[in-house]
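In the working numbering, the protein residues as written are 1445 to 1706.
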Amino acid sequence: MASRQLQTLYRDLQRAFDARPTDLKKCGVLLAQLKINLIETGLLLPNGEASLNDMVIARDILEIGAFWSIRAKDVPSFDRYFSQLHTFYTDYRSSLPPSKPDFHTTLESLPLPADEINLNPYIRHPVNLERWLMEGSYSKVWNAREEAPAEEVQVFRGQLDGNHTVYLPTLPGSSCLDLDSNEIASCEEVAYESLPIKDVATLLFFSSQSELLKYAQERGWQVDLSAGLIRFARKSDEQMEIPKQKLIEANLAYARELEQIV
């Protein structure tokens, strides 16, 4: 049976987490204490001898820890909590009552029929993002930035400003895909000698001309305000080196992933 101290700390954690706004500092302190209690009571990695109620409490603590990590923008901590939850979601799925969060990393592990996956907004959103990225439909990715079904998803998406790096999850717990505006800019430099300023701003998702002009200066582009054009710096004599090793490694990794799915 869970110790009296663990139950008390668990109730304190629930109150701190449910507070609006969430008391992240207090949650962090309580979670550190609760992890020690879970280890001491054998609930962090249960062996099947614990009571059903104790295992539900342990799972709830780890789930709160996962959400706390996201809100605290601590992705490594989220990965650790998710890894510890995996046992509860797989080995004890049939014996424990359903959990509301129930994080997943792969579509094939979802307890839903294939035709119902798109009906779930928490699944449909990241699946669509991944598909649009593969298609190169960056405008759809950008337009979907306000459609996140939960607050925590926005942390994975990151901030669409500063260096303009966009972090996008395939599914909660998985690695984040990143779409860097530098990659799009590099493609523009190769494909065009010049482009209208407004078109470059649209392609790179800049909301103001001043941001674009600062970025253009950083990349060494020539800006002709009178003509409304940006001329890209081209290095015609530079020979492109094909990254053979990286391509081989990427293809092998892709093949392994396909094999696991099949």
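Don't be surprised by glycine CBs; every beta carbon is placed ideally from N, CA and C.
In the three-state reduction of the DSSP assignment, R1455 falls in the helix class, which pools H, G and I. Given a length threshold of 4 residues, each whole run of the alpha helix (DSSP H) inside the region 1637-1682 is given here in chain order: 1641-1647, 1653-1663. At a Cβ-Cβ threshold of 7 Å, R1675 and S1638 count as neighbours.
The C-alpha of G1509 lies about 20 Å from the C-alpha of R1537.
In the DSSP assignment, I1480 falls within the unbroken alpha helix (DSSP H) covering 1468-1484.
A direct Cα-Cα distance of roughly 19 Å separates K1688 from E1627.
Annotation: S1654 to L1577 spans about 27 Å, alpha carbon to alpha carbon. Around the beta-carbon of Q1666, fewer than 16 other beta-carbon atoms lie within 10 Å, marking it exposed.
Per DSSP, the unbroken alpha helix (DSSP H) holding E1627 starts and ends at 1625-1635. Assigned with DSSP and collapsed to three states, R1700 falls in helix.
In the assembly as shown, C1471 is a buried residue. Its beta-carbon has 16 or more other beta-carbons within 10 Å.
Between the C-alpha atoms of L1457 and E1493 there is a straight-line separation of about 25 Å. Distance from the CA of D1535 to the CA of L1496, rounded to the nearest whole angstrom, comes to 13 Å. For L1656, the CB contacts under 6 Å within the same chain, skipping 5 residues up- and downstream, are A1645, F1650 in chain order. Rounded to whole angstroms, the gap between the alpha carbons of I1514 and L1468 is 11 Å.
Going by DSSP, A1494 is part of no alpha helix (DSSP H) at all; its letter is neither H nor E. Counting along the chain, S1521 sits inside the alpha helix (DSSP H) bounded by residues 1519-1534. Between the region 1474-1487 and the region 1448-1464 there are three or more inter-stretch CB-CB distances shorter than 8 Å, so the stretches are counted as touching. In this chain, the alpha helix (DSSP H) harbouring N1572 covers 1565-1579.
Taking C-alpha positions only, L1487 is separated from E1591 by approximately 37 Å.
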